[in-house]
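What follows is a short report on a single structure.
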Amino acid sequence: MVNTLWFLVLAGMLTTYAVLDGFDLGVGVLHLLIARTPEDRATAIGAIGPVWNGNEVWLIAAGGSMVVAFPHLYAAAFSGFYLALMLVLWLLVLRGIGIEFRHQVDNLLWREAWDVTFSLSSVLLAVLFGAAVGNVLRGVPLDFEGNFQGSFVLLLNPFALLCGVLSVVTLAMHGASYLALKTTGALQTRARRATVVLWAGTLALLVLVAASSFVVQPQFTANFSRWPFLVLVPLLGLAAAGAIPFFARRERDGMTFVSTGALIVGVLGSAAAGLYPRLLPALPGSSSAALDIHNSASGHYSMKVALVMYLVGIAIVLGYLVKVYWVWRGKVTSEHGYRLP
Amino acid sequence: MNDALIADRWQFGFTIMFHYLFPVLTMGLGVLIATLKTLHLRRKDDRYGQLARFWARIFAITFAMGVVTGIPMEFQFGTNWARFSHFAGGVVGQTLFMEGVFAFFAESSFLGLFLLGEKRVPSLVHWFSAVMVAAGAILSGFFIVATDAWMQHPVGYEIVDGRAQLTSLWALLTNPYALSQYPHVISGSMVTASMVMAAVGAYYLLSRKYEEAGRDCLRVGVISGLVFSLASLFPTGAMNGENVTRYQPVKMAAMEGLFRTQEGAPMAIIGMPDTERRDLMDPILVPRMLSYLAYGDFRARVVGLDDYPRDQQPPVELVYYSYHIMLGLGTIFIAVMSLSAFLLWRGTLFRSRWMLWVLMLAMPFPYIANQAGWIVAEVGRQPWVVWGLQRTEDATSTNVTGGMTWFTLLGFMGLYALIGLLYLFVAARIVEAGPGDAVRNGS
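Here the protein sequences line up with chains A and B, keeping their order. Heads up: the first sequence at position 199 corresponds to 198 in numbering that gives the first Met the number 0, and the numbers run straight through without jumps. Heads up: the second sequence at position 142 corresponds to 141 in numbering that gives the first Met the number 0, and the numbers run straight through without jumps.
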């Protein structure tokens with residue numbers, strides 16, 4: 000029971016991370032494309048400035064929850080994805096430094112260098128995160144101890160790369176709808192247009208990924224036939240996908256943003272629903288079964304205590320996150336946010 | 000040692016020492032900024048408000064560096080130390096996880112509010128966000144020290160199927176090792192922040208600009224610096240020493256360069272440990288002092304290194320020299336801060352150019368002292384990764400080769416050199432620009 004709850008908590012935290020850091024990664028993906036003037040770029044960075052750091056904490060906390068609840072999964076996955084994760088780390092370092100240092104020096108060259116760093120690292124991170132989800136869905140070669148030697152090339156298989164592309168396009172759409180919500184004028188117009196264009200791309204890629212996931216991981220649908228109510232999760236994604244152009248055309252930016260977020264929840268939620276109770280499936284032909292919520296779990300007491308801590312902690316966190324996001328509501332202009340005194 | 004183990008240790012050592020250059024400043028600076036902000040509200044004097052804003056800018060870039068260099072630390076437990084995570088994840092995960100949920104969210108959410116929200120929120124909410132940023136930083140330090148303390152002195156666990164499982168969260172959080180180490184770490188951080196603040200103040204007075212702000216920085220820095228450099232020695236340092244003697248006597252023997260077990264053991268002020276001849280060369284000793292410090296009895300028996308098998312002794316030289324560097328610098332800090340405080344009380348500090356020079360040039364040394372302290376703690380724990388339970392050589396990932404780790408270590412070195420230089424450059428510019436008038440997040 001507590002193992003299942005932890006599965007839900009972990010899936011929930013990673014999905015929350017994808018939705019929250021997703022929009023600021025998406026803003027990064029679009030940064031060079033739709034924020035064209037220096038004012039636009041200051042506005043775009045200002046729109047995520049106060050919140051990107053807090054969004055990234057969801058990743059750190061998800062990592063922590065993986066250690067405490069499923070240490071075996073953490074050990075196997077992190078050492079197996081070694082080089083890919085190191086790349087993720089370097090990109091996170093560069094991106095974070097880019098956002099914080101960009102506005103510290105009033106010099107065009109300095110800012111342009113950080114703009115490029117910010118945007119490129121956002122694109123690559125989005126690809127790597129998508130590819131990681133793809134590899135988890137597809138399964139990895141596990142040995143009998145649950146370890147795997149995931150060569151970097153192996154991780155860049157066609158299915159994972161397809162998921163990587165889907166991730167970039169989806170997050171870009173999510174970022175565009177966020178920018179449309181937070182900005183005005185020409186930037187807002189471009190962001191609205193980008194939302195719809197990227198929505199079409201996301202839909203096409205989603206169909207491709209869904210179709211090929213049946214091929215690479217045939218077990219994927221078993222849960223949906225065993226527990227039919229799980230179909231509600233992909234249906235939520237489908238409804239969100241339909242709602243995006245509906246709200247975008249009526250320029251209801253808030254609802255569009257909620258819908259792009261709900262689409263991400265639907266997609267990742269479906270992946271989690273298909274995965275349960277597995278955490279890291281084995282590639283067909285591996286010498287071992289999957290790592291699941293039982294064989295990679297830590298002690299019962301540890302999981303129970305951490306769950307209580309989590310519920311207490313997250314209740315407090317949600318309290319002030321709502322307050323903080325409320326303070327930053329409304330439109331951002333290039334005057335907002337970071338500025339030299 | 001095999002190649003992969005050496006590579007893993009270098010990588011962890013390098014990344015964590017670089018990382019700790021930043022939280023050591025932010026933990027203390029957060030408290031000083033909250034103090035300035037409190038003075039601002041209590042005395043209704045915007046001088047302090049301005050100073051708080053100025054230091055918040057330094058805090059912000061330092062905090063950003065701490066965050067981006069901290070994420071690799073959490074990842075490395077899994078990437079490079081998979082067998083450690085597998086063995087101990089259920090216990091150390093607990094504190095790492097609590098750090099994320101209880102400290103990081105508070106720190107990062109309220110930092111945005113504090114840095115950019117002064118015009119958007121009531122002044123009491125702005126003050127509250129300064130307090131929350133400081134509390135988050137201090138709390139996050141506690142969870143990290145508690146994690147480390149469990150590796151130094153495991154408590155509240157049982158071994159099931161060859162893996163450590165938590166049996167008591169309370170024991171984990173009230174680990175006596177953590178309770179004595181944590182005040183010492185915080186005290187060291189307060190010394191660092193105070194001396195950085197005093198150094199910037201001294202720089203302003205010496206170069207005759209922003210002199211009013213410079214005097215305020217000196218006042219806060221010197222008073223807080225005196226209090227905490229004393230606290231670093233007593234009680235926090237002394238408590239820590241007793242603790243090490245109680246739980247890790249072999250580490251204490253390495254710190255003191257004590258090879259032979261003896262009653263009425265002396266304390267070495269100076270001397271070079273020679274691991275071939277198993278003796279301390281050219282020492283200056285205070286007779287019987289070590290016995291007194293360790294056990295409160297001048298004749299107590301103190302165990303020497305030679306009573307332990309060779310494969311259970313830490314690298315003696317590194318631990319010995321690091322400990323003596325920390326102790327020596329700590330003594331110098333007390334002297335410098337006492338003298339500065341005396342001059343401040345006499346009202347001549349701001350005119351004593353030589354003292355200002357000393358305060359300005361002293362800035363790097365608290366960093367060195369803090370790093371040395373951690374070397375004593377962590378290298379002194381070797382060859383164990385979890386004291387008495389798991390040896391470091393049994394903690395590495397089996398599926399990551401030394402070559403991969405050397406390669407990524409070079410990557411980290413290049414990246415960290417780059418961002419380290421950028422940090423210094425940006426910090427210098429902020430100091431040059433001085434405390435301005437503008438409230439950030441303009442309208």
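Glycine included, each C-beta is placed from N, C-alpha and C at the ideal position.
- Contact with chain A is found for L414 of chain B, since one of that chain's Cβ atoms lies less than 8 angstroms from the residue's Cβ.
- The Cβ atoms of Q103 of chain A and I57 of chain B do not sit closer than 8 angstroms to each other.
- The Cβ neighbour count for Q311 of chain B, taken over all protein chains shown within 10 Å, is under 16; the residue is labelled exposed.
- Burial check for L420 of chain B: the Cβ neighbour count within 10 Å stays below 16, so the residue is exposed.
- Think of a sphere of 8 angstroms around the beta carbon of L82 of chain A: the chain B residues whose beta carbon falls inside it are M403 and T407, in chain order.
- The continuous stretches of beta strand (DSSP E) do not include D2 of chain B, which lies in the alpha helix (DSSP H) extending over residues D2 to Y19.
- Look at N2 of chain A: its C-beta is not under 8 angstroms from any C-beta on chain B.
- Non-local beta-carbon contacts of A201 of chain B in its own chain, meaning distances under 6 angstroms to residues more than five positions away in sequence, involve L355, L358 and M359 in chain order.
- In this structure V301 of chain B is in contact with T260 of chain B, their Cβ atoms being roughly 7 angstroms apart against a cut-off of 8 angstroms.
- In the three-state reduction of the DSSP assignment, G138 of chain A falls in the coil class.
- Annotated three-state conformation of Y156 of chain B is strand, per DSSP.
- DSSP places I292 of chain A in no beta strand (DSSP E); its state is neither H nor E.
- Boundaries of the beta strand (DSSP E) harbouring P282 of chain B: D278 to V285, taken from the DSSP string.
- With respect to L197 of chain A, A43 of chain A sits apart: the two C-beta atoms are not nearer than 8 angstroms.
- Excluding residues up to 5 positions away in sequence, T201 lie with their Cβ nearer than 6 angstroms to the Cβ of T169 of chain A in the same chain.
- T14 of chain B sits away from V399 of chain B, with the two beta carbons spaced by 8 angstroms or more.
- Contact annotation, T407 of chain B with A3 of chain B: C-beta distance approximately 12 angstroms; criterion of less than 8 angstroms not satisfied.
- If you draw a 10 Å sphere on the C-beta of E73 of chain B, you find 16 or more other C-beta atoms in it, and that means buried.
- A:V50 is the residue among A:P157, A:V50 and A:M12 whose C-alpha sits nearest the C-alpha of G111 of chain B.
- A residue is called buried when at least 16 other Cβ atoms come within 10 angstroms of its Cβ; K208 of chain B does not meet this threshold and is exposed.
- Within the model, the alpha-carbon separation for V199 of chain B versus R218 of chain B is close to 12 angstroms.
- Residue state for E431 of chain B is assigned as helix, using DSSP reduced to three classes.
- Contact residues of the segment 339 to 364 of chain B toward chain A are absent (C-beta to C-beta distance below 9 angstroms).
- Looking only at B:G12, B:Y19 and B:L24, the smallest Cα-Cα distance to A426 of chain B is reached by B:L24.
- Legend: CB atoms of the segment 237 to 271 of chain B lying less than 7 angstroms from CB atoms of chain A are not found in any residue.
- When the beta-carbon positions are compared, V315 of chain B and L304 of chain B come within less than 8 angstroms of each other.
- Apart from sequence neighbours up to five positions away, the residues of its chain that approach F332 of chain B with a beta-carbon distance below 8 angstroms are V190, M194, G224, S228, S231, A361, F364, P365 and A368, ordered along the chain.
- Looking only at B:F341, B:G295 and B:W405, the smallest Cα-Cα distance to G263 of chain B is reached by B:G295.
- G53 of chain A and Y275 of chain A have their C-alpha atoms spaced approximately 28 angstroms apart.
- In the three-state reduction of the DSSP assignment, G253 of chain A falls in the helix class.
- Residues of chain B whose Cβ lies closer than 9 angstroms to the Cβ of S64 of chain A are, in chain order, G92, F96, G99 and V100.
- Here DSSP, grouped into helix, strand and coil, assigns M362 of chain B to coil.
- By the C-beta density criterion, P434 of chain B is buried, having at least 16 other C-beta atoms within 10 angstroms.
- In the DSSP assignment, W5 of chain A falls within the alpha helix (DSSP H) that extends over V1 to I33.
- Burial of L127 of chain A is indicated by the presence of at least 16 other C-beta atoms within 10 angstroms of its C-beta.
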